[in-house]
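K.L.:
Here it is, the structure, as C-alpha cells.
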Amino acid sequence: MKKILIADDEVPIRLLIHSTLESEEYHIIESENGPDTVAKCLEERPDLLILDLMMPGISGEEVCKKVRSDLRTKAIPIIILTGRGKLSENEAKSFDANVYLTKPFSPLELLDCVSKILTRKK
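Residues 1 to 122 (UniProt numbering) make up the sequence shown, in order.
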C-alpha cells in the first residue's frame, strides 16, 4: 500500500484530501506544520508528499528545500498546494516539486496527479 503524507495547516483541506485518497486505499499520514512534516518525511519515508506552501513553523518552501537536500528523502515526489495563485516559472523551478496545484483544486485533478506520480514511481 502506497504511503502519502498530507501536509497542510488547514483541517478542511486535509480532510478533503484524506477522504479523496482514502477511497483509493492509500495509507494516509497527516501533518499540520513544517517541522512535523520534515520529521515525518524522515521517519515514515512516504511515497508522496502533498505540501501546502503556507505552513506554520517553517514554510512549505523550506520544507521542500529540506526534503530535497537530504539523501534519505530527496527522491520523494512532491505535489505543492498554493493559495497564492499561479506560481511564476522561476518560483516553480525553485521549489523542485513534481506538480503544482492552485487552491481551490478539484479532488479529481488531485487524484489524477497522485495516480500519475505513483504509477511512474513503481
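Even for Gly, the Cβ is constructed at its ideal location relative to N, Cα and C.
1. Evaluate P56 with the Cβ neighbour count: other Cβ atoms within 10 Å of its Cβ, from every protein chain shown; 16 or more gives buried, anything less gives exposed.
2. Alpha carbon to alpha carbon, how far is D47 from S31? Give it in angstroms, no decimals.
3. Could one say the Cβ of V99 lies closer than 8 Å to chain B's Cβ atoms, at least one of them?
4. When the distance is taken between beta carbons, is F95 closer than 8 Å to K61?
5. Measuring only the C-alpha atoms, how far is P77 from N33?
6. Do D8 and L81 come within 8 Å of each other at the CB atom, strictly closer than that value?
7. Within its chain, find whatever has a CB closer than 8 Å to the CB of L111; leave out the 5 residues flanking it on each side and keep chain order.
8. I believe I17 touches I6 by the beta-carbon criterion, under 8 Å. Please report the beta-carbon distance rounded to the nearest angstrom.
9. Please report the residue range of the beta strand (DSSP E) in which T102 lies.
10. Kindly list the residues whose CB is nearer than 8 Å to the CB of I13, restricted to its own chain and excluding five residues on each side of it in sequence; keep chain order.
11. Determine the DSSP secondary structure at E32, reduced to helix, strand or coil.
P.N.:
In this structure, then:
1. As a first step, residue 56 must be located in the sequence shown, where it is residue number 56. Under this definition P56 is an exposed residue.
2. Here residue 31 is taken as the residue at index 31 of the sequence shown, counted from 1. Here residue 47 is taken as the residue at index 47 of the sequence shown, counted from 1. Computed Cα separation, rounded: 15 Å.
3. The structure shown contains no chain B, having only a single protein chain.
4. As a working note, residue 61 is residue 61 in the sequence shown. As a working note, residue 95 is residue 95 in the sequence shown. Looking at the sequence shown, residue 61 is not Lys but Glu. Taking 8 Å as the Cβ cut-off, E61 and F95 qualify as a contacting pair.
5. Position 77 of the sequence shown, counting from 1, holds the residue named residue 77. Position 33 of the sequence shown, counting from 1, holds the residue named residue 33. Counting only the Cα atoms, N33 lies some 19 Å from P77.
6. As a first step, residue 81 must be located in the sequence shown, where it is residue number 81. As a first step, residue 8 must be located in the sequence shown, where it is residue number 8. Inclusion of L81 and D8 in the CB contact set at 8 Å is warranted, their separation being smaller than that value.
7. As a first step, residue 111 is located in the sequence shown; it is residue number 111 there, counting from the start. Within its own chain, the residues whose Cβ lies closer than 8 Å to the Cβ of L111, once the five positions on either side in sequence are excluded, are T20, L21, E24, listed in chain order.
8. Locating residue 17 in the sequence shown gives position 17, where the first residue counts as 1. Locating residue 6 in the sequence shown gives position 6, where the first residue counts as 1. The pair is a contact, with the Cβ atoms about 5 Å apart (cut-off 8 Å).
9. The count along the sequence shown starts at 1 and reaches residue 102 at position 102. It spans 99-102 - the beta strand (DSSP E) in which T102 sits, taken as one unbroken run.
10. Counted from its first residue, the sequence shown places residue 13 at position 13. Closer than 8 Å at the Cβ level, and outside the excluded window around I13, lie D52, L81, K103.
11. For this step, residue 32 is matched to residue 32 along the sequence shown. In this structure, E32 counts as coil in the three-state DSSP scheme.
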